[in-house]
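To convert, count from 1 in the sequence shown and add 25; that's my numbering.
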Amino acid sequence: MLSRCIGADPQEFAQSYWGRRPLFSPAASLPRDFSDLLSADAVDELLAERGVRAPFIRLAKDGSVLARDCYLGPAGFGAEVTDQVDPAKVLAQFAAGASIVLQGLHRLWPPVIDFVRALVDDLGHPVQANAYITPPSNRGFEPHYDVHDVFVLQTAGHKHWSVHAPVHVDPLPTQPWTDHRDAVAHRVADDDPVIDTVLAPGDALYLPRGWIHSARALDTVSVHLTVGVSATTRLDVIRALVDGLSAHQQFRASLPMATDPTDRDEMAATATKIIAELTETLRDGAPDLSDAVATRLAQQYAERTRPVAVRPLASLVAAEHADTVVVRWRRGLVATLERGDGRVRMRLPDRTIDFPDACADALAALQRGTVADAGDLPGLDAADGAVVIRRLLREAVLVPVDRS
Numbered sequence: 026m027l028s029r030c031i032g033a034d035p036q037e038f039a040q041s042y043w044g045r046r047p048l049f050s051p052a053a054s055l056p057r058d059f060s061d062l063l064s065a066d067a068v069d070e071l072l073a074e075r076g077v078r079a080p081f082i083r084l085a086k087d088g089s090v091l092a093r094d095c096y097l098g099p100a101g102f103g104a105e106v107t108d109q110v111d112p113a114k115v116l117a118q119f120a121a122g123a124s125i126v127l128q129g130l131h132r133l134w135p136p137v138i139d140f141v142r143a144l145v146d147d148l149g150h151p152v153q154a155n156a157y158i159t160p161p162s163n164r165g166f167e168p169h170y171d172v173h174d175v176f177v178l179q180t181a182g183h184k185h186w187s188v189h190a191p192v193h194v195d196p197l198p199t200q201p202w203t204d205h206r207d208a209v210a211h212r213v214a215d216d217d218p219v220i221d222t223v224l225a226p227g228d229a230l231y232l233p234r235g236w237i238h239s240a241r242a243l244d245t246v247s248v249h250l251t252v253g254v255s256a257t258t259r260l261d262v263i264r265a266l267v268d269g270l271s272a273h274q275q276f277r278a279s280l281p282m283a284t285d286p287t288d289r290d291e292m293a294a295t296a297t298k299i300i301a302e303l304t305e306t307l308r309d310g311a312p313d314l315s316d317a318v319a320t321r322l323a324q325q326y327a328e329r330t331r332p333v334a335v336r337p338l339a340s341l342v343a344a345e346h347a348d349t350v351v352v353r354w355r356r357g358l359v360a361t362l363e364r365g366d367g368r369v370r371m372r373l374p375d376r377t378i379d380f381p382d383a384c385a386d387a388l389a390a391l392q393r394g395t396v397a398d399a400g401d402l403p404g405l406d407a408a409d410g411a412v413v414i415r416r417l418l419r420e421a422v423l424v425p426v427d428r429s
């Protein structure tokens with residue numbers, strides 16, 4: 026899916042643009058438009074017929090987010106909620122110049138759900154998607170930067186974008202643009218934009234985190250998707266390393282009594298001593314610590330992404346036919362397999378499933394993406410294969426596949 030977002034070779038993008046500089050990709054350099062992901066008609070369907078609730082929608086005007094009661098209301102008899110979108114209120118605010126933001130479309134809208142899941146696989150980082158619908162000659166937000174990378178995919182209308190160089194490179198989630206509001210304003214006022222262009226339907230724009238941008242719709246309604254990428258950073262690796270040090274008693278030990286945290290010289294000397302101990306630990310115990318870091322990063326990734334959804338009814342029906350059904354691993358599901366004491370343990374983000382050791386090869390094959398039925402699983406006969414498939418379908422690890 027990355028190739029849909031960039032007008033460059035993916036390898037060139039990875040080496041020259043990813044996390045470094047923006048890339049404008051006109052429709053002529055992309056394989057198709059983006060109306061299949063979210064058209065203007067699809068926006069109307071979401072607003073009028075899909076029962077969207079807060080926080081999956083918000084409205085903004087002239088840089089400020091509007092109060093919820095301006096566009097939300099009760100859902101009426103049979104749906105006892107008070108925060109459902111009111112399309113008539115949205116129409117009134119939109120006609121008055123407010124922009125509509127549909128948030129978390131990777132949880133709501135099937136075409137975007139599939140697109141984001143595939144993009145996660147391509148990028149290896151968590152991804153989410155919002156839509157911005159701006160009335161003619163209006164903008165929703167003032168110049169700012171994001172703390173995540175974004176791909177802007179123009180689906181309808183035209184929007185003028187100005188992009189300026191960062192004032193704070195590679196910002197973390199704890200370092201929002203409002204911490205540098207004055208610097209952002211000066212950069213926009215004093216410097217020429219790096220990119221100054223109009224996005225038409227089918228155009229795309231990549232912005233690394235920290236790059237300042239603002240956008241204004243032209244003489245028609247503008248619809249674009251902002252696909253956000255929460256990049257895993259070197260600091261995430263270091264934090265995972267610190268978490269791994271909790272297994273070492275020497276780093277859990279208390280500092281001496283009568284330590285004076287206000288004495289900068291004493292604290293500097295303490296830090297120097299602990300850094301020396303850490304350096305020695307890293308030199309002698311790097312393999313174990315590296316394994317702990319890898320485990321923590323896998324857990325973090327699993328917490329920030331979501332595997333493809335399972336269909337509960339279809340999965341239960343498939344489990345009843347475990348001897349004949351064709352299955353595959355649930356795409357995006359993170360798991361590790363551990364062998365020991367005659368057992369193999371499948372560790373999932375929220376639970377552990379235990380199997381006899383004879384199942385190890387079959388489980389590994391499934392995790393690698395093998396599409397199989399009960400008779401295809403390595404190391405197991407058809408009867409045992411059916412038992413494994415039945416359990417993993419019920420545990421939402423496998424999903425049924427139509428081979429026809």
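Each residue gets a CB set at the ideal place from its N, CA and C atoms; glycine is no exception.
Own chain residues within Cβ distance below 8 Å of residue i, not counting five before or after
i: A385; result: L362, R364, V369, G404
i: T377; result: R370, M371
i: R206; result: none
i: G76; result: A100, A104, Q109, V110
i: P270; result: The residue asked about is misnamed: residue 270 is Leu in this sequence, not Pro. So the list reads F276, L303, T306, L314, once near-sequence residues are dropped.
Contact set for residue i: own chain, Cβ-Cβ below 6 Å, skip 5 residues either direction
i: S247; result: T159, G182, K184
i: P198; result: V172
i: A411; result: A347, D348, A399
i: V175; result: L232, T251, G253
i: A33; result: none
i: L4; result: Any answer about residue 4 is impossible in this case: the structure gives the chain only from 26 up to 429.
i: A327; result: V359, P374
Buried or exposed by the 16-neighbour rule on C-beta atoms within 10 Å, applied to residue i
i: V396; result: exposed
i: G165; result: buried
i: R336; result: exposed
i: Q153; result: buried
i: R277; result: exposed
i: V413; result: buried
i: S50; result: buried
i: I263; result: exposed
i: S279; result: exposed
i: L307; result: exposed
i: V194; result: exposed
i: S162; result: exposed
i: R451; result: No statement about residue 451 is possible, as the shown extent of the chain runs from 26 to 429 and does not include it.
i: R234; result: buried
i: T330; result: buried
Backbone secondary structure at residue i - three-state DSSP
i: T284; result: coil
i: M26; result: coil
i: Y96; result: coil
i: R241; result: strand
i: W354; result: strand
i: A397; result: strand
i: H169; result: strand
i: T222; result: strand
i: H249; result: strand
i: F81; result: coil
i: T320; result: helix
i: R368; result: strand
i: T203; result: helix
i: P425; result: strand
Enclosing alpha helix (DSSP H) for residue i [first to last residue]
i: H211; result: 206-215
i: D379; result: From DSSP, D379 is part of no alpha helix (DSSP H) but of the beta strand (DSSP E) over 377-381.
i: F276; result: 274-277
i: V115; result: 112-120
i: V65; result: Per the sequence shown, residue 65 should be read as Ala rather than Val. Counting along the chain, the alpha helix (DSSP H) containing A65 begins and ends at 65-74.
i: L270; result: First-last for L270: undefined, no H or E at that position.
i: A334; result: No alpha helix (DSSP H) holds A334; DSSP gives it neither H nor E.
When the options are compared against residue i, the one with the closest alpha-carbon
i: R353; options: L314, Q325, D401, T330; result: D401
i: A117; options: T258, L97, A104; result: L97
i: A317; options: L266, Y326, K114; result: L266
i: V467; options: T245, D111, H150, D261; result: One cannot answer for residue 467 here, as it falls past the ends of the chain, which runs 26 to 429.
i: I31; options: Q40, S41, L55; result: L55
i: A85; options: D69, S124, E74; result: S124
i: D146; options: L127, T295, P112, L358; result: L358
i: F81; options: L48, V213, G129; result: G129
i: A156; options: W134, L148, A296, E291; result: W134
i: V281; options: D215, A272, E291; result: Note on residue identity: the sequence assigns Pro, not Val, to residue 281. Of D215, A272, E291, the residue nearest in Cα terms is E291.
i: A65; options: A390, H249, D382; result: H249
Contacts around residue i, its chain only, beta-carbon distance under 7 Å, and the 5 residues preceding and following it disregarded
i: A143; result: M26
i: W186; result: I220, T222, L224, L230, H238, A240
Start-to-end residues for the beta strand (DSSP E) that takes in residue i
i: A33; result: Premise fails: A33 is in no beta strand (DSSP E) and is neither H nor E.
i: Q13; result: Within the shown structure, residues of the chain are numbered from 26 to 429, placing residue 13 beyond reach of any answer.
i: E363; result: 361-365
i: P337; result: Where P337 is concerned, there is no enclosing beta strand (DSSP E), although the alpha helix (DSSP H) it sits in stretches over 337-345.
i: L48; result: 48-50
i: V194; result: Segment: none, V194 is in no beta strand (DSSP E) and carries neither H nor E.
i: V145; result: No beta strand (DSSP E) contains V145, which is instead part of the alpha helix (DSSP H) from 135-148.
i: L130; result: Premise fails: L130 is in no beta strand (DSSP E) and is neither H nor E.
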